[in-house]
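Taking it in order: structure first as structure tokens, then the write-up.
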Amino acid sequence: MAALPPYASTGQKVWHYSYLVICAAIFFFLIAPILIIIPLSFNAENFFTFTPEMLALDPEGYSTKHYRDFFTNPDWQVPLWNSLKIAPVATFLSVALGTLAAIGLSQPHVPFRRAIMAILISPMIVPLIISAAGMYFFYSRIGLQGTYWGVVLAHAALGIPFVIITVTATLVGFDRSLTRAAANLGAGPVRTFFKVQMPLILPGVVSGGLFAFITSFDEVVVVLFVGSAGQKTLPWQMFTGLREQISPTILAAATVLISISVVLLVTLEVLRRRSERLRGMSPG
Amino acid sequence: MNITRLLTASTALVATATIASAESHVEMANEMTIVSWGGAYQESQLKAYVEPYQEMHPEVSITWDESSAEAVAKLRAQNEAGNVTWDLVDATAADAMRLCDEGLAMEIDPDEDLAPAPDGTPASEDFGEEMLVSDCFIPQIAYSYTFGYRNDVAEWDGKEPTSVCDVFDTETFPGQRSLEKRPHNNLEWALICDGVPYEEVYDVLETEEGQDRAFAKLDTIKDETIWWSSGADTPQLLADGEVVFGSTYNGRLFSLIVEQDQPVNMMWDTQSYDLDGWIIPEGLDEASLARVKDFLYFATDTQRLADQAKYISYGPARKSSAPLVGEHAELGIDMAPHMPTNPENSKGAFVQNYEWWADYRDDLDAKFQAWLAQ
Amino acid sequence: MTDSATTPPSQPMAVLPGGEVTEDGPMLAADGRPLKHSLNRALRREKLRAFLLVSPLLIFILVAFVAPIAEMLFRSVENQIVSETLPRTVVALREDQNLPEEAPGEPVYEALYTDLFIAAEYKSHTRLGSRLNYEQTGLSSLFRGTGRDVGRFDTDIYTDQFIEAEPALEDPVAWSNWMADEEIRAALPQTADVWDAWVKLTVEANEDDPLEEDVEDFVYAALYRDLANGAAPAGFPDVDVSGFETVSIKALFEESDEDWVDPQIWQVIETYSPAYTDGYFLNSIDMMNGPDGDAQMRPDDERIYLKLFWRTMWMSLAITFSCIVLGYPIAYLLSTLPLRSANVLMILVLLPFWTSLLVRTSAWKVLLQQQGVINDTLVWLGIVSDANRLTLINNATGTMIAMTHILLPFMILPLYSVMKTIPPSYMRAAKSMGANDWTAFWRVFFPLSIPGIGAGSILAFILSIGYYITPEIVGGTSGVFISNRIAYHISSSLNWGLAAALGSILLALVLTLYWLYDRIVGIDNVKLGG
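Protein chains in written order, with our numbering: chain A, 86 to 369; chain B, 424 to 797; chain C, -4 to 525.
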């Protein structure tokens, strides 16, 4: 599909190019909302609207005031820091516990494997509003509601299925003779894990961790219930913003986050290529 | 039950209570968590009374929690868990009534807990019965649900709507409308525009036929209506030209028209009054309660309520505050004409019956949602 | 793939097929134990090790997630509030014969008087009113209003007559002595019960000393009933109550609010008096407990939940389907491109995934509304006229578009990971044997990619069935899901029982799907990229 063979018929050519057009259209659908956000975040007005001045490309219609607001207003800075304090810890918990459990689950003999798997995946399949309400009542009772650790634990629970799924997937293709070889050569289980297993399942762990991180970083329903003023996260601030006073600062915040994601994704890709080179695998 | 044990316990309890009350004054907590709505409204509270109070009492630190929209649910869960973390909650009158019903809010005595007017009129009279709608409710402001309309709609041929019933007139005033996604106000407006006099609205709405009549009236504009659920929706829809009419809080329209300078006009006809105020959660410890009461006494006095009107166009709940309403803090315009309580604006105002809604809310909400889903 | 993880791989030690028993006896391991035991022990150890690795997370999830949800869902049947607030009334109602034709007899009202008096002191009567108002409109104000009146009921005629007949009956200390006497208590059961309640109330709610307070009227009213029944315990003042002036408590209640003699009201209280109720579940499938206690459908104008469940299901299906239609070509393209270009394009897939859901939804609002970007562009291109702009938002279309966008990456990632495992040589082989492009794709590639479709579909479907923020913002009235109503009942109407019942049904649906999925595809086959 990548390139058309020179002997392709006219029909094949037509089909090939229309297929590419369809794909381009779908990609456009995927990023259209994001492309909309960026110009609107430079809106000089306080609404999510393309003003006539903006459409006429009049510099008057544009302004960076929403970015100034985002970077100077404590209403935005405090939630940003809260998010940055909560997400990594929740991710760490998810990844540590999740990886351990995924390794356990990949052992040949695990009693009640299906049932355990279902329980561990449950945070992903239970509708969020039910989880949020349930955790809210329960955490209130045990004094975790409205605390930092309450939010961290709730978010860790939500992130775990992603870690389990990605790490299990890498372990499915894992060659067990490698650990046996390591054991045979005298390495203890811990050493085997860190020296042999870990480097090989690392891609799964990293991608699960990223999913867990984004789950926490973009989560609004649960934090709205389990958190209180002290744990107000960025999505929470956006949610109140959308509900109480629409301001394109939300879009400025989103643009900043998108830029960070792009940098992150590109870095990951570069790192991946580098590691592939190091491991001597062909780039495909 | 072991009565003897209970009696002994009670004696001990009474004894400690006597000792406690014998002490001259109670220590006041220096931390206070205030729950409010966020946005411009919270800002007005901050400027008008929280900052002045903190100037007087620099030792007090205040945490804001912008959870008023979920206040009833959260407070109920906190109370169930026996772990109330809020000291003072801003709530609408209807929510306050429900919190009071649920035993989640403390009953107050206006004359004892609130400051009298400068001329000595006791608080209960200064606020008046129409403001003190629940035993737990300490009113701050009167706001209203009213309509804004675009003043640049070509299809209207220069005609301007003057009455709430023009919202139902899609012939003369074509275009989309936005109404709130709940039965309150909408059913009342529908009946009023169907010819029911103000004072009979709730009697009619109690009957099956009356409800059908209200829904039938709403049916006439159902296809042209966008239903909003958050206060920011209607201003955005009006600014986009997505709707030509929209109901929302009058303060939102003020900011849209005066502060943002959008081509929108305000229609005060049949504005529906609502109240917003404080409640004190049940179950505060003594020190927190003492601090909250001290703050409230200050924050709801005549001058403070009048000051709030400098920052937002909501009417102070005290009669004695009205003459003190001055100019907008930044724009320097006279605020009185923008108050829902201004005599010129309140001529055709409609007053919601909270007690009635407390009964009919569940039933009518189910019917309203079923009607929406049809 | 599932198989390799669930079935044990071959053991490192060679074991004779068929069994370990040879002619010379059991086969032995190196340490001299029977090999079978040794293997079993190793197996047990391995099981234990696996379990130990899993257990920290299992415990964590059970405590931090499963327990809260179980507790939440339990609220859907819980209904102790009626019998806790009105304990005596509930008992009296059970013995009453008048219902359902007419209002209950005097004993029920007497019990209600005591219960409501106490409840009003604890301020729990309004909470009960709110609870029962879910079942019958008007009960909220009925309880609130009468709760205010009940302290002022004219029942002091019993108090006055007793004190006149025997002044010692005014003394709370004497009362507490009598009430400590087991024989008197046994002879005056109603009085003893009500006295205990009064003492508890005085201490707990009012924080007073019962030995210094005037005994409340309702205690004397109970005493009158006990004595009128012919009780004459030794050690208690002998008062002849036959000539006492009496008052009908029922009439007092009727005076406070005539709804109290409406049999329908009582029917509701009786129906909801057990500690557990099916009422919330009935409500969540548009049914209710009818006047005669049988389950029946609600009136037409109140039916909504079945419709919402149905809508949630079919719209989630439609969203899943559009995810397949849009996701498949993209995944196919990515899987056939060289890895480097595929990874760059993958960033386009992941970018929306990493962008806040709230922001993406708001962006769709800007794009889709009538004065929005898409309509403006179409009008500018002359495809639609200015007067007939398309309605793309605040309806089911809006929800479909925005949700498809949000869930598309969840479809593309598993599809891509499955397609990457299909060797391109299969297609080439098919073509070399004479298949044209379409046949080769349809007969060879597509069947092999079905597991990916399965994985993506289940993920998209399960996630979409529980969404509520996006439908809330772009769904208008025809595009909202059942989760929106659950959220409403949790945060606005406070009808947590109904929210829990709706949630239980939704969860049951999702779990059934999950189970089916696990049966058909296997949960191990879900891959999120990588």
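Every residue, glycine too, gets a C-beta built ideally from N, C-alpha and C.
The structure displayed is predicted, hence computed values, not measured ones.
Cβ-Cβ distances below 7 Å link residue 386/C to 365 in the same chain, with the five nearest sequence neighbours on each side left out; the list follows chain order. Between residue 727/B and residue 540/B the beta-carbon gap is near 12 Å, outside 8 Å, which marks them as no contact. Inclusion of residue 777/B and residue 520/B in the CB contact set at 8 Å is warranted, their separation being smaller than that value. Per DSSP, residue 191/C lies in no beta strand (DSSP E) segment; the continuous alpha helix (DSSP H) that holds it begins and ends at 184 to 199. Distance between residue 317/C and residue 410/C, taken at the CA atoms: about 14 Å.
Residue 434/C sits exposed, since fewer than 16 C-beta atoms from the chains shown fall within 10 Å of its C-beta. The secondary-structure analysis by DSSP pairs residue 687/B across a beta bridge with 573/B. Pairing residue 159/A with residue 334/A, the inter-Cα distance amounts to about 13 Å. Segment contact: the stretch 332 to 346 of chain C against the stretch 88 to 95 of chain A, fewer than three CB-CB distances shorter than 8 Å; contact not assigned.
For the options 205/A, 89/A and 337/A, the alpha carbon positioned closest to that of residue 120/A is the one of 337/A. Taking 9 Å as the upper bound on Cβ-Cβ separation, chain A lies near residues 336, 337, 338, 339, 340, 341, 342, 343, 344, 345, 346, 347, 348, 349, 350, 351, 352, 353, 354, 355 and 356 of the stretch 336 to 356 of chain C. Taking C-alpha positions only, residue 323/C is separated from residue 423/C by approximately 20 Å. For residue 765/B and residue 738/B, the gap between their C-alpha atoms comes out near 8 Å.
Residue 507/B and residue 241/C have their C-alpha atoms spaced approximately 46 Å apart. Counted as a single uninterrupted DSSP element, the alpha helix (DSSP H) harbouring residue 275/C occupies residues 274 to 279. Leaving aside the five residues that flank residue 83/C on each side, the residues in its chain whose CB is nearer than 7 Å to its CB run, in chain order, 106, 109 and 110. Sequence-distant Cβ neighbours of residue 510/B in its own chain, meaning closer than 6 Å and more than five residues away, are 455, 456, 711 and 715. Annotation for residue 200/A: the continuous alpha helix (DSSP H) segment containing it runs 198 to 210. Between the C-alpha atoms of residue 158/C and residue 212/C there is a straight-line separation of about 11 Å. Secondary structure in the stretch 505 to 568 of chain B: the alpha helix (DSSP H) runs of 4 residues or longer, each lying completely within the stretch, are 516 to 524, 533 to 536 and 546 to 550 in chain order. Within chain A, the residues 212, 214, 215 and 218 have their CB atoms less than 9 Å from the CB of residue 481/C, given in chain order. Not a single CB atom of chain C sits nearer than 8 Å to the CB of residue 286/A. For residue 279/A, there are no neighbours in chain B by C-beta distance under 8 Å, as the nearest C-beta there is about 42 Å away.
The beta carbon of residue 234/C is closer than 8 Å to those of 157, 160, 161, 164 and 222 in its chain, skipping five residues each way along the sequence. When 7 Å is used as the limit between beta carbons, residue 778/B is near these residues of chain C: 136, in chain order. With a cutoff of 8 Å on beta-carbon distance, residue 267/C and residue 72/C are scored as not near each other.
Under the 10 Å beta carbon count, residue 214/C is surrounded by 16 or more other beta carbons and is classified as buried. When DSSP states are grouped into helix, strand and coil, residue 229/A belongs to the coil group. Annotation: Cβ neighbours of residue 488/B in chain A (cutoff 8 Å, chain order): 313 and 314.
With 16 or more other CB atoms across the displayed protein chains lying within 10 angstroms of its CB, residue 330/A is buried.
Put simply, of 457/C, 118/C, 320/C and 238/C the residue whose alpha carbon is nearest the alpha carbon of residue 512/C is 457/C. Among the residues of the stretch 285 to 301 of chain C, those with a Cβ less than 7 Å away from any Cβ of chain B are 296, 297, 298 and 299, in the order of the chain. About 3 Å separates the CB atoms of residue 124/C and residue 138/C; that is less than 8 Å, so the two are in contact. In the displayed model, residue 506/C falls within a helix according to three-state DSSP.
At a cut-off of 8 Å between beta carbons, residue 495/B contacts chain C. Taking a beta-carbon distance threshold of 8 Å, residue 226/A counts as an interface residue toward chain B.
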